[in-house]
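What follows is a short report on a single structure.
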Amino acid sequence: MNLLVDGFSAVLELQTLIYLAGAVLLGIMAGAIPGISATMGVALLAPLTFTMDPLIGILSLVGVYCGAVYGGSLSAILLGIPGTPGAVATTLDGYAMSRQGKPGIALGIATLSSFLGGTLSAVALMLLSYPIADFALAFGPQEYLALVVFAMTAMAALSGGAFLKGLFAGFIGLFLAGIGIDETYGVSRYHFGYLMLMGGISFIPVTIGLFAIPETLLSIERIGLAPRRAIRVNKILPGRRILLSLLPAQLRSAVIGTIVGAVPGAGSDVAAIVGYSQGKVLSRHPERFGTGSEEGIACAESANNSATGGSLIPLLTLGIPGGAVTAIMLGTFMTHGLQPGPLLLHNNAELVYQIFAGVFVANILLLVFGLSGSKLFARVLQIPESILIPAILLLCAIGAFAMRTNPVDVLIMFIAGMVGYVMVKTGIPRAPLIIGLILGPMLEGELARSLILIGNDWTGLFTPISSVIWLLAIAPFVLPLARRATRQLRSRIKTKN
Amino acid sequence: MRLNHLTGAGKALALAGVALGLGSAPAQAADYPQKPVELVIPFSQGGGTDQVGRIFAQYAEPYLGTEIFVSNRTGGSGAVGFAYGAAAKPDGHVITMVVTTLAAAPHTIDQYPVSYEDFAPVCLLTAPPATLAVHPDSGITSLEDLIAKAKAEPGKITIGTAGPGSNTHLIAASLADQAGIEVRYVPNKGSGPALTATYGKHIDVAVADKAEVAPWISDGRLRAITVFTDDPANSIDGVKMASESGFNIDIGSFRAIGAPKGTPQPVLDVLIETCRKTSEDPAFVEHITKTGTEPYVLLGEKFGTWLAGKHKAFGDAVKAAGL
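Those protein sequence lines, which keep their order, are chains X and R.
150 is the number that UniProt numbering gives to position 150 of the first sequence; each next residue is one higher, with no gaps.
182 is the number that UniProt numbering gives to position 182 of the second sequence; each next residue is one higher, with no gaps.
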């Protein structure tokens, strides 16, 4: 306990706090720009931290990471463009709310949920690191396979009412994921001799194009048709009743996000999808999901931010980086002569507790910046469309280019944009396509690895953990049916009486 | 006399050729670098190649006298970045991290569009030998143990590799071939996940290079059972070298710098000199060593010969493994 108190006092020292606050702000900005993800923000900052004091260096990266995952929700809500892959689910309800003239409340809920999710994962990091890390380590190919399928069934939740159309979009995403050199056996597929296709289709330009371009085109269509609604952001916080009603969903999502984040290989994108899906399945108003549901935003944002704390668990306790961000952090630790893993807590307990405290404080800073800045952020919507639309397009082109510094990605973005426009006009949901594209390579890789490990014995797919996940995976299909059946049964009993 | 028959431009060209041949480097080198230099990293942020590349860029900048900016051009098992670096204008303003994949993938991935011959060699930075790592609870303490276990139960041992086009798969296949054992290969998305899966006891053995394994064995999470080298200086203390067990498998990983083929010699000389100075900088050596491997430096043509040898060794390994 003393260690924790000392940890907080170290983090709250002025110099450390200034760096951390700067990093969180930087992260929020990076996250809000479509295409600049948490990974890129952290990768760009990492070399600068090599010469810093270890604590300040590592906390700067933590700050950017937390900030960026939250920042993705800003552009998702205000512009309908997910700033990071983790904000795809946020777009559905956040942008809908924004279009209904309530961008402030949407931002407020996203901020509070992000804070809550991030803080709960920080608590888990402090108190439950070791059991969670052991659980995460139990994830082998069979468990991952089940988890990926679980996330894919979430497509149903992300499809709104159009389930078949959602399925169709999901399969297009899966197909696009199959293009290029496959990661399991090195087979080149569907590239027709073009190097750009051999490299595979990156989901970042597709995500940006699919969401950003149609919105700008639709805005152009609306110009002159109807006077633009003056958007005033007076309220950031919804009423207390709504806030309390969101709490159970936020807590569930935080638990899910922490665990998904802790599992190596799955990050805030998968966490948000799974969190959103469970939120819809268990919600009293599943029909409102996708039309501007406060609960939808809460689920997605609580889950993706709790994945940040979760992903630090295997890094600090086992020395295992679960994703690109934590891999860069691992490198930073080593540059400072520190080896994350079982011995870190033993040899550098002070630093570990300072990092715990840092994650906590980073989330508080996020809350402060989010709530005080929301009105300012929402001003974006007051910019005249003749300036806003070209600015968005420019930012999107930069974002698409930045990740792989490949001009072809800009082309892919615009093509995806045209496809996205057609999808909007024909009522085909776009989120499932992104999910297919993100999860496709994981699905293929884990299936291949599972089959290699279990040989010809199919029952080997069902380990204790994976069986539970398989059951959860079919829940989105079975639960609504079961609910309908019980309702019918009840009404029948009533009529008999 | 014959020179008189040439046109003015021809004369200039011939004279330039003479000048080039004589290596009047100072005049040419003064023109380079004229602007910031791009270092292409064909793999994503956070990986091993990225790490070495960024550290190199950081320390080489003052010696080159211009900014070196890193660009991760990823995709297609490195094909996108390598092809971009090879096709860049050969004036030294785009250089590329030339790594193991460039020697292995042309043999293992069909239609891989680029090879070592598309690059002019600049310098080798690191060449950590491959190792085999197991979980300490596995009861396997040596390469001999592993082979005995694999012979007792053919096809039961699972070996995790870094996936297609990686040298780790070839090393496992070569070992199986030479030892006459039957194992199952589990391709992973890089060495990191293979080591994690070994620590989680999902697979029995991981093949990964010394730099990647070092942190895992330093605190006892995994146990190294062999190092594929015959140079004790390059091995790990207390671990038997594969050559001592009778195996010579020389297809370890490496990280190096290359320029596009056709880059003028004076420009190459500037780059090579930059590499030499950087690799002798104690701060660079210390930083690289912290990542788990010591620098292993070969410059210019020496590296070129070494690289050609590696390419051939990978080809031989592919044939031997029957892939």
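Even for Gly, the Cβ is constructed at its ideal location relative to N, Cα and C.
On a predicted model such as this, the values are computed, not experimentally measured, just so you know.
Query, Result
"Please report the distance separating the alpha-carbon of X/Pro103 from that of X/Ala154.", "26 Å"
"If you measure between the beta carbons of X/Glu143 and X/Pro441, is that distance less than 8 Å?", "no"
"Less than 8 Å between the C-beta atoms of X/Ser113 and X/Gln250, yes or no?", "yes"
"Mind checking R/His287: buried by the 16 CB within 10 Å criterion, or exposed?", "buried"
"According to DSSP, is R/Ala12 part of a helix, a strand, or is it coil?", "Low per-residue confidence applies at R/Ala12: pLDDT is 44, beneath 50, and the placement is therefore not dependable enough to give any value."
"Determine the chain R residues that contact X/Gln339 at a beta-carbon separation under 8 Å, and present them in chain order.", "Pro215, Ser218, Asp219"
"Against chain X, with Cβ distances strictly below 8 Å, would R/Ser71 count as a contact?", "yes"
"What does the alpha-carbon distance come out to for the pair X/Tyr19 and X/Tyr65?", "14 Å"
"Counting only beta-carbon atoms, is residue 502 of chain X nearer than 8 Å to chain R?", "Outside the shown range of chain X, which is 1 to 497, sits residue 502 of chain X, and nothing can be said about it."
"Per DSSP, R/Leu298 is paired with what?", "R/Leu124"
"Is it buried or exposed, X/Phe150, if we count other Cβ atoms within 10 angstroms and call 16 or more buried?", "buried"
"Taking C-alpha atoms, which residue in R/Asn234, R/Ala83, R/Gly75, R/Phe119 lies nearest to R/Lys261?", "R/Phe119"
"How should X/Arg404 be labelled, buried or exposed, when 16 other C-beta atoms within 10 angstroms of its C-beta is the threshold for buried?", "buried"
"Quick check on the burial criterion: 16 or more other C-beta atoms within 10 angstroms. Buried or exposed for R/Ala9?", "Confidence at R/Ala9 is low in this model, with a pLDDT of 42, below 50, so its placement is unreliable and the value that follows should be read with caution. Exposed, since its Cβ has fewer than 16 Cβ neighbours within 10 Å."
"First and last residue of the beta strand (DSSP E) that includes residue 325 of chain R?", "Residue 325 of chain R lies beyond the range of chain R shown here (1 to 323); nothing can be said about it."
"Cutting at 8 Å between CB atoms, please list the residues of its own chain near X/Ile179, excluding the five before and the five after it.", "Arg189, Tyr190, His191, Leu197, Gly200, Ile201"
"Closer than 9 Å by beta-carbon distance: list the chain R residues that pair up with X/Asn406, in chain order.", "Arg73, Thr74, Gly75, Val80, Tyr84"
"List the whole-angstrom C-beta distance separating R/Pro128 from R/Gly252, where the pair is believed to meet the contact cut-off of C-beta under 8 Å.", "7 Å"
"Between the stretch 244-270 of chain X and chain A, which residues of the former have a C-beta closer than 9 Å to a C-beta of the latter?", "The question asks about chain A, but that chain is absent: this structure's protein chains are X and R."
"Taking contact to mean at least 3 C-beta pairs separated by less than 8 Å, is the stretch 374-385 of chain X in contact with the stretch 80-89 of chain X?", "no"
"Chain X partners of R/Ser44, CB-CB under 7 Å?", "Ala324"
"Pick out whichever of X/Gly22, X/Ile33, X/Ile28, X/Val62 has its Cα sitting closest to the Cα of X/Ser311.", "X/Val62"
"In three-state DSSP terms, what is X/Ile412?", "helix"
"Who are R/Arg184's beta bridge partners in DSSP?", "R/Thr158"
"For R/Gly65 and R/Lys302, I'd like the C-alpha separation in whole angstroms.", "25 Å"
"Let me know if R/Ser71 comes out buried or exposed under the rule of 16 or more other beta-carbons within 10 Å of its beta-carbon.", "buried"
"What whole-angstrom Cβ distance do R/Thr100 and R/Asn167 have, given they're in contact under 8 Å?", "5 Å"
"My output table needs one value for R/Ser24: the three-state DSSP class, helix, strand or coil.", "With a pLDDT of only 40 at R/Ser24, under the threshold of 50, the placement of this residue in the model should not be trusted; the figure read from the coordinates follows. Correct three-state label for R/Ser24: coil."
"Assess, as a yes-or-no matter, whether the stretch 278-286 of chain R is touched by the stretch 166-185 of chain R under the definition of 3 or more beta carbon pairs within less than 8 Å.", "no"
"What do you get for R/Thr7, buried or exposed, if any count of 16 or more other CB atoms within 10 angstroms of its CB means buried?", "Note that R/Thr7 has pLDDT 41, beneath the 50 cutoff, so the model's placement of it is unreliable and the number below is only indicative. By the neighbour-count rule (16 or more Cβ atoms within 10 Å), R/Thr7 is not buried but exposed."
"Does chain X have any CB closer than 8 Å to the CB of R/Tyr199?", "yes"
"Hey, could you find the ends of the beta strand (DSSP E) X/Met29 is sitting in?", "Where X/Met29 is concerned, there is no enclosing beta strand (DSSP E), although the alpha helix (DSSP H) it sits in stretches over 14-32."
"Hey, which unbroken runs of the alpha helix (DSSP H) at 4 residues or more fall wholly within the stretch 76-109 of chain R?", "79-87, 100-108"
"So which residues on chain X does R/His287 lean against when the C-beta distance must stay under 8 Å?", "Phe50, Thr335"
"DSSP three-state call for R/Asn72: helix, strand or coil?", "strand"
"Kindly indicate which three-state DSSP category X/Met128 falls into: helix, strand or coil?", "The amino acid at residue 128 of chain X is misidentified as Met; the sequence shows Leu. In this structure, X/Leu128 counts as coil in the three-state DSSP scheme."
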